[in-house]
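Notes follow once the structure below has been shown.
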Amino acid sequence: MALHPPDPWGIIGHEAVLELLPRLGASTLLFSGPEGVGRRLVARWYAWGLNRGFPPPALGEHPDLLEIGPPERGLKGRVEIRLEEVEPLFDWFATHPRERVKVAILDAAHLLTEAAANALLKLLEEPPSYGRIVLIAPSRATLLPTLASRALEVAFAPVPEERLYPLTQDPELLAYAGGAPGRLLRALADLDAFRARMEKAREVDGASSWRRFTLLKELFADEEGVFALYAAFRHRPRALLALEAAREALERYVSPDLVLARLALDLET
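Numbering-wise (the numbering used here), the sequence shown opens with residue 1 and increments by one.
This is how it looks when you write it as structure tokens:
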């Protein structure tokens, strides 16, 4: 089984986006779409292309590319990107590029604190002529309006399942990926860990109330476990709605124990 797609950059799908990006002149872009769909990889492709021409050579180190984020996420809900994490951008953009264009990629831009967003706003309002900024977030609505209004959105959709068939045709792996090649490649790279997560996710269905709650805490400790739950309950629409509601509640900093206790009840067979 191949673990890498044939494209030298590893990009699967998004041909329309790749065709569009070289024609865009905006200094700030917003790459929106689901996690693992390929936004970061395309952002790096774009940065290299601006400096080396399109299509760019294969991925490597580049002196005019700076990446910030994403922060780690887990059971406690979302974390924040603070002011001190974006401050390096200002000194970095104060110097000219070694090649043509300096490109900063800010992942999880929807997690910027208000102070960090306000500082970044000054840079977006008056970017250097040689500078480009790529913000990565789930959607325009998740960004602070002041940032969203200064960025041109480039939307990334889930990759059609058939485009992932060269990697695998296993229904459970494809359900786990949910159209996100990055997530699928991580699972293929460590199948033992994937199978262990899936076994735990399947155990949730039919477990006792306390055992179900314990399993949910373990699985919600990282996003890979959450997607295993989505795959395990893919044939139960009401369960999928309950999982989505739990994720949204955790994003709002609702107590994890309360959220997962409610979810344990909602997932009861």
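We put the beta carbon where it would ideally sit given N, CA and C, even for glycine.
Given a cut-off of 7 Å, decide if residue j and residue i are closer than it, judged by their beta-carbon atoms.
i    : j    : result
L50  : W9   : no
A104 : R82  : no
F194 : V37  : no
P138 : V159 : no
V226 : F31  : no
A207 : A232 : no
F213 : A246 : no
A109 : L135 : yes
Y130 : P97  : yes
L219 : L229 : yes
L173 : A196 : no
V101 : R52  : no
Ordered along the chain, which non-local residues of its own chain (more than five positions away) have a Cβ less than 6 Å from that of residue i?
i    : result
L18  : none
L124 : T28 and R150
D266 : A242
E80  : L111 and T113
Around the Cβ of residue i, are there at least 16 other Cβ atoms within 10 angstroms (buried) or fewer (exposed)?
i    : result
T95  : exposed
V90  : It is Phe, not Val, that sits at residue 90 in the sequence shown. Flag for F90 reads exposed.
S122 : One detail in the question is off: residue 122 reads as Lys in this sequence, not Ser. Result: exposed.
A141 : exposed
W92  : exposed
L152 : exposed
W210 : exposed
D64  : buried
L185 : buried
Which residues in the same chain have their Cβ closer than 7 Å to the Cβ of residue i, if we skip the five residues on either side of it in sequence?
i    : result
R163 : I12 and G13
L258 : none
E203 : L215
L41  : W9, G10 and I11
R39  : F31, G33, I136 and F156
M198 : E172, A228, A231 and A232
Could you tell me which residues DSSP pairs with residue i in its beta bridges?
i    : result
L112 : I81
L135 : L30 and L106
A301 : This structure leaves residue 301 out entirely; the chain is present only between 1 and 269.
Using a threshold of 6 Å, is the CB atom of residue i nearer than that to any non-hydrogen atom of the ligand MN?
i    : result
E199 : You won't find the ligand MN in this model; it holds no ligand whatsoever.
Please go through the same chain and pick out, in chain order, the residues whose beta-carbon is closer than 8 Å to the beta-carbon of residue i, but skip the five residues on each side of it.
i    : result
E268 : S209 and R212
**Study point:** alpha helix (DSSP H) runs contained entirely in the segment 29-110, provided each spans 4 or more residues
**Key:** Taken in chain order, the whole alpha helix (DSSP H) runs of length 4 or more contained in the segment 29-110 are 39-52, 83-86 and 88-93.
Point to revise | Every unbroken alpha helix (DSSP H) inside the segment 154-193 [4 residues or more] | key: 171-177 and 181-189
**Study point:** Contained alpha helix (DSSP H) runs [length at least 4] in the segment 187-259, N- to C-terminal order
**Key:** Qualifying alpha helix (DSSP H) stretches, in chain order: 191-204, 209-219, 223-232 and 237-251.
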